[in-house]
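Quick notes on the structure that follows.
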Amino acid sequence: MEHIGYNLTQDQISLRDRARHIANAYIKPRVEEIDKKGEFPWDVQNAFKEAGFFAIGIPKEYGGSE
7 MEHIGYNLTQ
17 DQISLRDRAR
27 HIANAYIKPR
37 VEEIDKKGEF
47 PWDVQNAFKE
57 AGFFAIGIPK
67 EYGGSE
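First residue of the sequence shown? That's 7 in our numbering, and the numbers climb one at a time after it.
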């Protein structure tokens, strides 16, 4: 069986690294607290929003990042 290659582009690597940074900074230190409370962590949403993740896939002409 032949292996399928999986290489990320520089843009994909950057996106992955930004997401990892936010997760490590906002989620990892308090994952048990977040789970225990059962409440949505709005600060995490805001961090992803400020990093531009909510605009992915939306053309720039409509306020997105593409």
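Backbone N, C-alpha and C fix where the C-beta goes; we use that ideal spot for every residue, glycine too.
Remember, it's a predicted structure, so these values are computed and weren't measured experimentally.
- The three-state secondary structure of residue 13, taken from DSSP, is coil.
- Excluding residues up to 5 positions away in sequence, 47, 49, 50 and 53 lie with their Cβ nearer than 8 angstroms to the Cβ of residue 32 in the same chain.
- With respect to residue 57, residue 70 sits apart: the two C-beta atoms are not nearer than 7 angstroms.
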